[in-house]
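Below is one structure, written out as structure tokens; the observations come after it.
In this note's numbering, the protein residues as written are 30 to 431.
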């Protein structure tokens, strides 16, 4: 751990991530509250979120190729600066009393586009600045800082909104974004520049190379399957069900916040655990066991009739889900050729971000057809358990990985 903090490149990256997540979490709560409280259009809140998530999935394909073509710190620095400009447009509009739903959708769209470039560059930069032995603690520190700031950011934004106004929260979010950009200034990170003499091909061709590279190994196929199961069968339906179950059990907005905090506490606990304990012996088998445990926890969650008991089970889901996801991410980074890292990590991020909204859309459609949230949660848990068992049975190479 001490060696990581002595690594100036990683320290700069970690500080940047702290301010980036603080800015994003404050931005999300501010925009959500503005749509509900000022514009009085809560029915369009999902549309604002989708305006960011859909382009993110599309640009992530390009972002992975760019991360293999361009110095990664340049991508991180540039995207952060552009996010600061976009947030500045929102600040100016709020101060001018001219911020509309249409402008929010446009800005959300471009922020989503920038995220598609940012995340592959971030994830593929880590293996290039730390040793292979430091990959798990490095990834865990990044994830734990994210979880911690996702707890702090909304509270900070809520307090600023309560005592000041929307202009203040946007201003703080802009400041955090620009500070985060400064920490990943290329002259500070000094990461390697890709070979300029390498023959360039089209983006689609290079992305296909990355896809074929992933398909060439059963390790990658197992890892992607695990990530998809966690996001599609566990995280997606659970997050969508939280407000539904809270209302069904007569809870308030405060009870809903406790449910969400329970999940965050569980995921944060998993990241702290992984900081001090590296999975070495039988880690492939352990990851699959944790995957099965997360699906079983969701099935248990679907049957609990008490709000208070839902909170610790939500924490269990967060714990098992993250203790499955982070080591899987680390294994992918360990096994990947540095020249392919950007493309591989973009596909990994695509698998982790695309299946949440697909799962939630399916969940919502089935609810509209008359199925209850509890029945659907149990059904998703059952299907996820079957998929996890199938991976456990088929993925012999993964299962025996040390």
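From the three backbone atoms N, C-alpha and C, an ideal C-beta is built for every residue, glycine too.
Determine the burial state of residue i: buried for a count of at least 16 other Cβ atoms within 10 Å of its Cβ, exposed for fewer.
i           : result
residue 106 : buried
residue 121 : exposed
residue 85  : buried
residue 132 : exposed
residue 66  : exposed
residue 358 : buried
residue 88  : buried
residue 101 : buried
residue 191 : exposed
residue 34  : exposed
residue 344 : buried
residue 160 : exposed
residue 69  : exposed
residue 41  : buried
residue 158 : buried
residue 419 : exposed
residue 332 : exposed
residue 400 : exposed
residue 429 : exposed
Work out the CA separation of residue j and residue i for me, nearest whole Å.
i           : j           : result
residue 219 : residue 38  : 7 Å
residue 215 : residue 175 : 22 Å
residue 117 : residue 270 : 34 Å
residue 351 : residue 139 : 29 Å
residue 205 : residue 181 : 13 Å
residue 236 : residue 415 : 31 Å
residue 293 : residue 347 : 7 Å
residue 324 : residue 128 : 42 Å
residue 201 : residue 61  : 16 Å
residue 373 : residue 239 : 6 Å
residue 193 : residue 144 : 29 Å
residue 150 : residue 104 : 7 Å
residue 258 : residue 413 : 6 Å
residue 52  : residue 199 : 9 Å
residue 398 : residue 266 : 16 Å
residue 360 : residue 111 : 32 Å
residue 197 : residue 189 : 7 Å
residue 252 : residue 274 : 31 Å
residue 407 : residue 223 : 48 Å
residue 119 : residue 184 : 21 Å
residue 291 : residue 234 : 44 Å
residue 115 : residue 146 : 16 Å
residue 328 : residue 123 : 44 Å
residue 393 : residue 166 : 37 Å
Residue i: which of the options sits nearest, CA to CA?
i           : options            : result
residue 425 : 246, 163, 125      : 246
residue 263 : 45, 137, 381       : 381
residue 178 : 414, 349, 354, 46  : 46
residue 349 : 389, 393, 298, 403 : 298
residue 307 : 194, 162, 406, 400 : 162
residue 212 : 76, 48, 191        : 48
residue 134 : 83, 199, 149, 290  : 83
residue 376 : 77, 90, 57         : 90
residue 92  : 154, 172, 63, 261  : 154
residue 427 : 313, 77, 210       : 313
residue 221 : 367, 417, 59, 44   : 367
residue 356 : 423, 310, 43       : 310
residue 56  : 268, 99, 411, 195  : 195
Which residues mark the beginning and the end of the alpha helix (DSSP H) in which residue i is found?
i           : result
residue 407 : 402-423
residue 163 : No alpha helix (DSSP H) holds residue 163; DSSP gives it neither H nor E.
residue 357 : 336-364
residue 369 : First-last for residue 369: undefined, no H or E at that position.
residue 127 : That residue, residue 127, is in no alpha helix (DSSP H); it is neither H nor E in DSSP.
residue 324 : 312-331
residue 38  : 37-62
residue 307 : Segment: none, residue 307 is in no alpha helix (DSSP H) and carries neither H nor E.
residue 202 : 195-212
residue 251 : 247-258
residue 218 : 215-218
residue 272 : 265-277
With the cut-off set at 8 Å, would you say residue i and residue j are in Cβ contact?
i           : j           : result
residue 97  : residue 396 : no
residue 288 : residue 340 : yes
residue 385 : residue 336 : no
residue 169 : residue 379 : no
residue 108 : residue 255 : no
residue 137 : residue 81  : yes
residue 409 : residue 317 : no
residue 113 : residue 210 : yes
residue 172 : residue 300 : yes
residue 50  : residue 64  : no
residue 389 : residue 164 : no
Confirm the yes/no value for this check: CB of residue i, any heavy atom of the ligand NAD, distance under 7 Å.
i           : result
residue 374 : The model on display carries no ligand, and the ligand NAD is accordingly not part of it.
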